[in-house]
Amino acid sequence: MTISQDPFDSLSFEPLTPTAFLDRAAASHGDRIAVIDGTETWTYAQLHERCTRLAGGLMKIADGNPVAVMAPNTHVMLEANFGVPWSGVPLVSINTRLSAGEVAYILEHSEASVLIHDPSFTDVVTQATARLSRPPQVIAAATGYEEMLDGANRAHQTPSNEREVLSINYTSGTTGRPKGVMYHHRGAYLQSLAMVGHSGLSPSARYLWTLPMFHCNGWCFPWAVTAAAATHVCLPKVDPVDIWRLLRDEGVTHLSGAPTVLSMIAYAQGAAPLEGPTVRLATGGAPPSPAILRRMASLNFDVTHLYGLTETYGPAMLCDWRPEWDALAEDVQIRLRARQGVGNMISCTVRVVDDGGTDVPADGVTTGEIALRGNNLMLGYLKDPAATMAAAPDGWFRTGDIGVVHPDGYVELRDRSKDVIISGGENIASVEVEQAIMDHPAVLEVAVVGVPDERWGEVPAAYVTLKDGAAATESEIVEHVRSRLARFKAPKSVMFGELPKTSTGKIQKFLLRERARAGKVPPPVDP
9 MTISQDPFDS LSFEPLTPTA FLDRAAASHG DRIAVIDGTE TWTYAQLHER CTRLAGGLMK
69 IADGNPVAVM APNTHVMLEA NFGVPWSGVP LVSINTRLSA GEVAYILEHS EASVLIHDPS
129 FTDVVTQATA RLSRPPQVIA AATGYEEMLD GANRAHQTPS NEREVLSINY TSGTTGRPKG
189 VMYHHRGAYL QSLAMVGHSG LSPSARYLWT LPMFHCNGWC FPWAVTAAAA THVCLPKVDP
249 VDIWRLLRDE GVTHLSGAPT VLSMIAYAQG AAPLEGPTVR LATGGAPPSP AILRRMASLN
309 FDVTHLYGLT ETYGPAMLCD WRPEWDALAE DVQIRLRARQ GVGNMISCTV RVVDDGGTDV
369 PADGVTTGEI ALRGNNLMLG YLKDPAATMA AAPDGWFRTG DIGVVHPDGY VELRDRSKDV
429 IISGGENIAS VEVEQAIMDH PAVLEVAVVG VPDERWGEVP AAYVTLKDGA AATESEIVEH
489 VRSRLARFKA PKSVMFGELP KTSTGKIQKF LLRERARAGK VPPPVDP
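Read in order, the letters of the sequence shown are residues 9 to 535 in my numbering.
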């Protein structure tokens with residue numbers, strides 16, 4: 009068979025980059041509202057101009073090194089996702105809850121030459137930069153930032169290779185120094201399109217920023233929402249009163265967040281079923297309990313469970329809903345929705361493997377470690393090739409999460425490998441116990457961890473936050489679990505109080521283990 013020469017051989021194809029979505033939105037939807045941030049709004053044409061001016065300003069001072077940004081979910085953080093890459097350097101989005109020492113480490117490790125920050129973080133930034141022998145140039149968002157944009161020429165630099173570093177996202181560092189996870193343009197481009205497709209984004213969509221943009225570049229939604237020419241509704245602080253106000257006043261159609269954010273929304277004062285079309289909500293970070301899924305459905309939210317890590321640009325799997333499941337009983341639907349599901353549409357391949365790297369049977373019972381491979385995997389850890397190799401010893405990224413594969417091919421998380429409680433030789437999945445406790449009508453949030461026990465090796469301990477005005481005793485919680493699970497799975501102790509969380513709403517179980525071993529009640533939420 010003779011194949012004629014491709015007539016496009018001589019043409020140069022543009023590398024894939026998610027920043028191109030703003031070019032398209034400005035050209036096709038330039039007059040439509042792109043951003044709502046408090047009382048201020050910008051069209052897509054205006055957003056495009058601001059981002060190109062940001063790029064022009066940074067090209068004068070970045071000197072080819074990464075640019076760090078420390079800001080809440082404002083237009084500044086959104087603009088950085090386009091303007092910084094257009095200046096030709098990677099973006100380093102800094103967790104806004106970090107201490108000065110942690111911020112200093114990230115600035116030094118990433119070799120950031122510029123730090124743009126919201127004025128609310130002036131004290132932390134001042135303390136962090138004082139620790140550095142070569143501090144970055146610091147620009148305050150409300151003053152110096154606007155001055156830089158006003159005085160800058162427009163610039164628009166695109167990558168010559170789609171696997172160039174687009175951004176560097178730092179892990180939480182709960183087991184040591186945080187690692188710098190390097191994203192490339194191709195992965196973010198494809199991940200963004202996956203979020204458009206799976207979320208059903210369109211020009212009529214209004215996306216509320218309840219998920220931190222600094223977390224995995226906001227699961228790539230800064231680019232995804234822009235790709236759809238939808239409207240970004242900024243929210244600097246996750247406050248349930250503001251969320252409900254914006255849901256109603258701004259006609260929000262989409263939002264994302266951890267199950268703890270769902271709890272805040274579901275049980276907020278004044279929470280009531282929304283009128284109009286169902287609001288689509290993506291949740292990840294921990295399996296949502298049947299109780300919270302049931303409550304959100306009653307408020308007119310359609311919840312989709314996602315699963316991923318910093319190393320996978322956010323969601324690598326999702327519980328892709330099948331229309332034939334609509335006819336199933338409500339309790340069955342709730343159980344199906346809590347699963348992690350299948351790989352997303354950018355062809356992220358998912359396996360569950362045993363210790364030898366062999367796939368476990370798809371029986372819904374045999375557990376193994378979740379392993380991933382695909383376009384939305386990191387380039388590696390910055391300056392840490394040994395950790396990069398250890399994370400993917402055979403080309404498959406090992407997540408550290410334990411799961412099963414059901415006969416229909418859907419994966420369900422059983423636990424983090426370190427969170428499995430081994431009591432008297434029996435494995436107890438902390439997730440299973442947590443979901444049983446969440447079915448108690450007085451419970452708002454819960455975390456279950458293993459604590460040392462002389463007889464059994466370790467036993468489950470529960471940390472519970474009750475709903476406002478609700479009451480429950482330790483014995484009531486224990487008996488509630490015993491009525492649903494084997495008796496040995498019930499917690500041997502229950503302590504009440506607020507739970508420590510990361511900035512993205514994940515409960516910090518390692519802190520609970522420390523408190524449990526010391527016999528202390530849960531610590532307060534991170535300031």
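The beta carbon of each residue, even a glycine, is placed where N, CA and C say it ideally should be.
Residue i classed as buried or exposed, judged by whether at least 16 other C-beta atoms fall within 10 angstroms
{"i": "Pro-80", "result": "buried"}
{"i": "Gln-516", "result": "buried"}
{"i": "Phe-21", "result": "exposed"}
{"i": "Asn-384", "result": "buried"}
{"i": "Ala-76", "result": "buried"}
{"i": "Thr-182", "result": "Caution is warranted here: a pLDDT of 47 is assigned to Thr-182, below 50, making its placement in the model unreliable, and no coordinate value can be reported."}
{"i": "Asn-89", "result": "buried"}
{"i": "Ala-280", "result": "exposed"}
{"i": "Glu-338", "result": "exposed"}
{"i": "Pro-98", "result": "buried"}
{"i": "Gly-411", "result": "buried"}
{"i": "Asp-409", "result": "buried"}
{"i": "Pro-415", "result": "exposed"}
{"i": "Ile-333", "result": "Looking at the sequence shown, residue 333 is not Ile but Trp. By the neighbour-count rule (16 or more Cβ atoms within 10 Å), Trp-333 is not buried but exposed."}
{"i": "Met-85", "result": "buried"}
{"i": "Arg-523", "result": "buried"}
{"i": "Phe-151", "result": "According to the sequence as given, residue 151 is Thr; it is not Phe. Result: exposed."}
{"i": "Arg-521", "result": "buried"}
{"i": "Met-397", "result": "exposed"}
Beta-carbon contacts of residue i that lie in its chain and below 6 angstroms, excluding the five residues immediately before and after
{"i": "Val-441", "result": "Val-456, Pro-468, Lys-497"}
{"i": "Tyr-178", "result": "Ile-114, Pro-186, Gly-188"}
{"i": "Leu-289", "result": "Leu-263, Phe-309, Val-311"}
{"i": "Thr-234", "result": "Phe-29, Leu-30, Ala-33"}
{"i": "Pro-295", "result": "Ala-346, Leu-421, Val-439"}
{"i": "Glu-482", "result": "Val-502"}
{"i": "His-448", "result": "His-488"}
{"i": "Glu-87", "result": "Arg-58, Cys-59, Leu-62"}
{"i": "Gly-226", "result": "Leu-219"}
{"i": "Gly-91", "result": "Cys-59, Leu-62, Ala-63"}
{"i": "Gln-443", "result": "Ser-297"}
C-beta neighbour in chain D for residue i, strict 8 angstroms
{"i": "Ile-251", "result": "Among the chains of the structure shown, chain D does not appear; only one protein chain is present."}
Cut-off 8 angstroms between Cβ atoms - residues of its own chain near residue i, not counting five sequence neighbours on either side
{"i": "Thr-82", "result": "Asp-45, Asp-126, Ala-149, Cys-242, Pro-244"}
{"i": "Val-287", "result": "Leu-255, Val-260, Thr-261, His-262, Leu-263, Asn-308, Phe-309, Asp-310"}
{"i": "Glu-170", "result": "Pro-23, Leu-24, Thr-25, His-192, His-193, Arg-194, Tyr-197"}
{"i": "Ala-236", "result": "Val-204, Leu-209, Ser-210, Pro-211, Ala-213"}
Bridge partners - residue i, DSSP secondary structure assignment
{"i": "Pro-468", "result": "Gly-458"}
{"i": "Arg-101", "result": "Here residue 101 turns out to be Ser, not Arg, going by the sequence shown. For Ser-101, which the question treats as bridged, DSSP gives the partners Val-77."}
{"i": "Leu-421", "result": "Gly-411"}
{"i": "Val-502", "result": "Ala-470"}
{"i": "Ala-148", "result": "His-125"}
{"i": "Ser-264", "result": "Ala-290"}
{"i": "Glu-453", "result": "Thr-473"}
Contact set for residue i: own chain, Cβ-Cβ below 7 angstroms, skip 5 residues either direction
{"i": "Ala-450", "result": "Leu-474, Lys-475, Ala-478, Ala-479, Ala-480"}
{"i": "Met-156", "result": "Gly-65, Ile-147"}
{"i": "Pro-395", "result": "The sequence shown places Ala at residue 395, rather than the Pro named in the question. Here the set comprises Lys-187, Tyr-389."}
Distance cut-off 7 angstroms: residue i Cβ against heavy atoms of the ligand SAH
{"i": "Ala-478", "result": "The ligand SAH is absent from the structure shown, which contains no ligands of any kind."}
Segments of 4+ residues assigned as alpha helix (DSSP H) that fall wholly inside the stretch 48 to 86: Segments of the alpha helix (DSSP H) lying fully in the stretch 48 to 86: 52 to 69.
Touch test, the stretch 378 to 392 against the stretch 326 to 345, Cβ-Cβ under 8 angstroms, three pairs minimum: Contact between the stretch 378 to 392 and the stretch 326 to 345 is absent, because fewer than three Cβ pairs lie under 8 angstroms.
The stretch 52 to 59 contacting the stretch 31 to 43, beta-carbon criterion three pairs below 8 angstroms: Yes, the stretch 52 to 59 touches the stretch 31 to 43.
The stretch 218 to 232 / the stretch 255 to 266 touching (three or more Cβ pairs under 8 angstroms): With the cut-off at 8 angstroms, the stretch 218 to 232 and the stretch 255 to 266 touch.
The stretch 59 to 73 touching the stretch 158 to 176, judged by at least three CB pairs closer than 8 angstroms: Yes, the stretch 59 to 73 is in contact with the stretch 158 to 176.
Completely contained alpha helix (DSSP H) runs for the stretch 346 to 396, where each covers 4 or more residues: For the stretch 346 to 396, not one full-length alpha helix (DSSP H) segment reaches 4 residues or more.
Meets three-Cβ-pair contact criterion under 8 angstroms: the stretch 348 to 355 and the stretch 198 to 205: Touching, yes, given that three or more Cβ pairs across the two stretches are closer than 8 angstroms.
Length at least 3, wholly inside the stretch 281 to 316: the beta strand (DSSP E) runs in chain order: Fully enclosed beta strand (DSSP E) runs of 3 or longer: 287 to 291.
Any alpha helix (DSSP H) of 4 or more consecutive residues that is wholly inside the stretch 192 to 222: Taken in chain order, the unbroken stretches of alpha helix (DSSP H) that lie wholly in the stretch 192 to 222 and span 4 residues or more are 193 to 207.
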